[in-house]
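> The structure under discussion is supplied below as structure tokens; questions concerning it will follow.
Number of protein chains: 2
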Amino acid sequence: MDLRHLRYFVAVAEEENIGRAAARLHISQPPLTRQIQQLEEELGVTLFLRTPRGMTLTQAGELFLEEARNIRALVEQATERTQRAGQGKLGRLDVGIFGSAILDAIPKLLLAFRNRHPDVKVVLHTMSKGEQIEALRQRRISVGFNRMLAPLEDIGVCQVTTEGLLVAIQADDPLARQPVIRFAELQQHPLILFPTGARPSFIDKVIGLCSTAGFQPTISQEVGDAVTGVALVASGFGVCLVPDSATTLQFPGVVYRTLADTPPNFFVDLSCIYRKDDQSPLLGAFLETVEEFKKASPAPPRA
Amino acid sequence: MDLRHLRYFVAVAEEENIGRAAARLHISQPPLTRQIQQLEEELGVTLFLRTPRGMTLTQAGELFLEEARNIRALVEQATERTQRAGQGKLGRLDVGIFGSAILDAIPKLLLAFRNRHPDVKVVLHTMSKGEQIEALRQRRISVGFNRMLAPLEDIGVCQVTTEGLLVAIQADDPLARQPVIRFAELQQHPLILFPTGARPSFIDKVIGLCSTAGFQPTISQEVGDAVTGVALVASGFGVCLVPDSATTLQFPGVVYRTLADTPPNFFVDLSCIYRKDDQSPLLGAFLETVEEFKKASPAPPRA
DNA sequence: CCCACTCAATACCTCCAGGGTATGATCTGG
DNA sequence: CCAGATCATACCCTGGAGGTATTGAGTGGG
């Protein structure tokens, strides 16, 4: 049996006349007759009563008509759904993120993606940079988000945003009175650094900035993410250098100040990573959305 | 697309290897490769990732695999169900019956049919002899049950049972003291006759018997069916001649007595009727059951 | 009562597509 | 670097789907 048989059968059942059904199917009458006979023979069941006025369904034929319609509808639906899946409009995308990156860009990006592809289920997994790469290689995620990603053989990188640097400082600190702080002025303040974990990381960037400014920083504490860092600032552990987006974290007793003299072209990047060999249309659609997002976002701020 | 494509696709998806799948399908490898390519082209979707180790499904392929399995299962089920319907093992059989025929044979017969064909829904419609024939012609029923059916051009008849004749009489009637009553002894008793409606009927048979016995009966009342007739006997309206099976009707104050001298070969028949041109396997199966039933039943009693 | 009409069925032909064999291209593991 | 595995390509062949012409059967109107 063949889907063609079902199509023909339904046509004949609906027209109750082989000639008209053949016309509807854009074939001639004799092949249609044969196909129907073939179908009946294969099933071993008489589906139609031949009357001088045409064909009428038997009880078994009535039943088979229902089934045939179901099957055809299911086939239609299957192709439609599969095509949507093939275009990255249907399916599931596993995304690795790290704690404090959820602050600004990622939610907006994911929202944009959801709007474009409402039937894609996006599943977020919080994991560190190293875990993300491992998970990519094991195909447990398709995309990861992180900062300071070194290029790798099998992993592609796509920069999502660049941000400038701010300093989070206690509101009652004398320096907080200045609208802009010079880097060297931080020398006497103990630094809270993040994230712990795989190096190189944001930590190294901050330490590098200090040496450029001519001093060795006093490290007060290393913490996992920006949120914890700013919380420690509120508690008086010191100051903390954070990306622009951290300003969405409003802590009582903490203010953010611009740094006057970060080097030109300095920025904190947020990138997403993916398998270079991943041809999945879902990944393609996602990276497309990332590109759109970069275009729509304001140009990277320069310190 | 074709059911063949689905079968091939499922095999490849399960084997994850075109060569093995081809072996399983009893075809050679190249045609299978082509069929898969064709399927992908038609859908416009990459279903498999070609790796040096074989084929693995893409996300869209995974989805299509599910759908393909569903479709194939549905096709299987459809053919199976249709075949059962074609063998008269599945479907619906509308049966016309008349009130008091439900007494003995019909329930047993329907029970036997239900046991043989548990998935056939038997729908009973109470209707008179004339209505049954009309309903057969309009295909509203497929089988009718009645007595004294004259053969017709388009309607086939099949005798189900033959029964002897009894007389229902008040228990305190003097005649009731005899175990056997001769027909002529009924001469003084008013008769309750049934059924009203289309002639010839059981009524004519009873009147004929009376004339044979040499008297003109006094007609007390004509009623619709045996149940009502026996009820009137209980109320003292007279006596009522009924088929054997009426003894299942136990009314207080009514007894049944054998008639000593009904003519040889006399019987009350119960037959079923059907369209001669009805080729439905359901009808065939039903008539088969009727034949079985007749064989299994005791030979027709002779008065 | 017969002829014209309507359908389905049959006979026969053509051609494409599905299947086969042989071979190529590519990657991997010893 | 070679042997083996795996998918892809090239090419041929045959069965079957579709086409045309015709027959067969049953119906209704004149």
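From first to last, the protein sequence lines are chains A and B.
Each residue of the first sequence is one higher than the one before, starting from 370 at the first, in this note's numbering.
Each residue of the second sequence is one higher than the one before, starting from 370 at the first, in this note's numbering.
Cβ coordinates follow ideal geometry from the N, Cα and C atoms, glycine included.
No experiment lies behind these values; they were computed from the predicted model shown.
Residues of chain A with CB under 8 Å from residue 370(B), in chain order?
Here the neighbours are 372, 444 and 448.
> Where do the ends of the alpha helix (DSSP H) carrying residue 404(A) lie?
First-last of the alpha helix (DSSP H) with residue 404(A): 398-412.
> For residue 424(A), which residues does DSSP report across the bridge?
DSSP lists 419(A) as partners of residue 424(A).
> How many Å lie between residue 481(A) and residue 654(A) at the Cα?
Rounded to the nearest angstrom, the two C-alpha atoms are 11 Å apart.
> Considering only residues of the same chain and omitting the five flanking positions on each side of residue 402(B), which have a CB-CB separation below 8 Å?
So the qualifying residues of the chain are 387.
> Please report the straight-line C-alpha distance between residue 453(A) and residue 459(A), rounded to a whole angstrom.
So the alpha carbons of these two residues sit roughly 6 Å apart.
> So, does the CB of residue 385(B) fall closer than 8 Å to a CB anywhere in chain A?
Not one chain A Cβ lies under 8 Å of residue 385(B).
> Between residue 512(B) and chain A, is there a C-beta pair that is closer than 8 Å?
For residue 512(B), the answer is no, since every Cβ of chain A falls outside 8 Å of its Cβ.
> What does residue 429(B) touch in chain A if you count any residue whose Cβ is under 7 Å from its own?
In chain order: 451, 454 and 455.
> How many Å lie between residue 468(A) and residue 429(B) at the Cα?
Cα to Cα, the separation comes out at about 31 Å.
> So the candidates are 449(B), 433(B), 442(B) and 456(B); which of them puts its Cα closest to the Cα of residue 445(A)?
Taking only the C-alpha atoms, the option nearest residue 445(A) is 433(B).
> Using the beta-carbon count (16 or more within 10 Å), is residue 539(A) buried or exposed?
Its Cβ being crowded by 16 or more others within 10 Å, residue 539(A) is buried.
> When you compare the CB of residue 493(B) with every CB in chain A, is at least one pair closer than 8 Å?
Output row for residue 493(B): interface = no.
> By DSSP's criteria, residue 502(A) is part of a beta bridge. Which residues make up the other side?
DSSP output for residue 502(A) lists no bridge partner at all.
> In the DSSP output, which residue or residues are listed as bridge partners for residue 512(A)?
Per DSSP, 464(A).
> Does the distance from the CB of residue 536(A) to the CB of residue 562(A) come in under 8 Å?
No, they are not a contact pair.
> Based on DSSP bridge pairs, tell me the residues matched to residue 528(A).
In DSSP, residue 528(A) forms a bridge with 640(A).
> According to DSSP, is residue 458(A) part of a helix, a strand, or is it coil?
Residue 458(A): coil per DSSP, three-state reduction.
> Name the DSSP beta bridge partners of residue 440(B), please?
In DSSP, residue 440(B) forms no bridge with anything.
> What are the start and end residues of each continuous beta strand (DSSP E) run of 3 or more residues lying completely inside the segment 547-580 of chain A, in chain order?
Qualifying beta strand (DSSP E) stretches, in chain order: 560-562.
> Below 9 Å on C-beta distance, what does residue 439(A) contact in chain B?
Those within 9 Å of residue 439(A) in chain B are 443 and 447.
> How is residue 490(A) classed by DSSP in three states: helix, strand or coil?
Strand, per DSSP.
> If you reduce the DSSP assignment to three classes, tell me which class residue 382(B) lands in.
DSSP places residue 382(B) in helix when its eight states are reduced to three.
> If we define contact as Cβ-Cβ less than 8 Å, is residue 394(B) a contact residue for chain A?
No - not a single Cβ of chain A is within 8 Å of the one on residue 394(B).
> Spatial neighbours of residue 382(B) within its chain, please: C-beta separation below 6 Å, excluding the five flanking residues on both sides.
426 and 434, listed in sequence order.
> Could you tell me the alpha carbon to alpha carbon distance between residue 550(A) and residue 564(A), rounded to whole angstroms?
Going by the C-alpha atoms only, they are around 23 Å apart.
> Determine the direct distance from the alpha carbon of residue 478(A) to that of residue 376(B), and round the result to whole angstroms.
Cα-Cα distance, rounded: 41 Å.
> Determine the chain B residues that contact residue 522(A) at a beta-carbon separation under 9 Å, and present them in chain order.
Residues of chain B passing the Cβ test: none, with the nearest at roughly 18 Å.
> Along chain B, in chain order, which residues have C-beta atoms closer than 8 Å to that of residue 460(A)?
The answer, in chain order, is 428, 429 and 432.
> How far does the beta strand (DSSP E) with residue 591(B) in it reach, from first residue to last?
Unbroken beta strand (DSSP E) run through residue 591(B): 588-591.
> Does the segment 514-524 of chain B come into contact with the segment 628-643 of chain B, if we say contact requires no fewer than three beta-carbon pairs (one atom in each stretch) closer than 8 Å?
Yes: at least three Cβ pairs fall under 8 Å.
> For residue 651(B), go through chain A and note every residue whose CB falls closer than 8 Å to its CB, in chain order.
Going along chain A in sequence order, the residues near residue 651(B) (Cβ under 8 Å) are 428.
> Along the segment 401-412 of chain B, where does the CB come closer than 7 Å to a CB of chain A? Name the residues.
Hits within the stretch, in order: 412.
> Closest by CA to residue 416(A), which one among 504(B), 494(B) and 457(B)?
With distances taken between Cα atoms, residue 416(A) lies closest to 457(B).
> Is residue 649(A) buried or exposed, if buried means 16 or more other CB atoms sit within 10 Å of its CB?
Buried.
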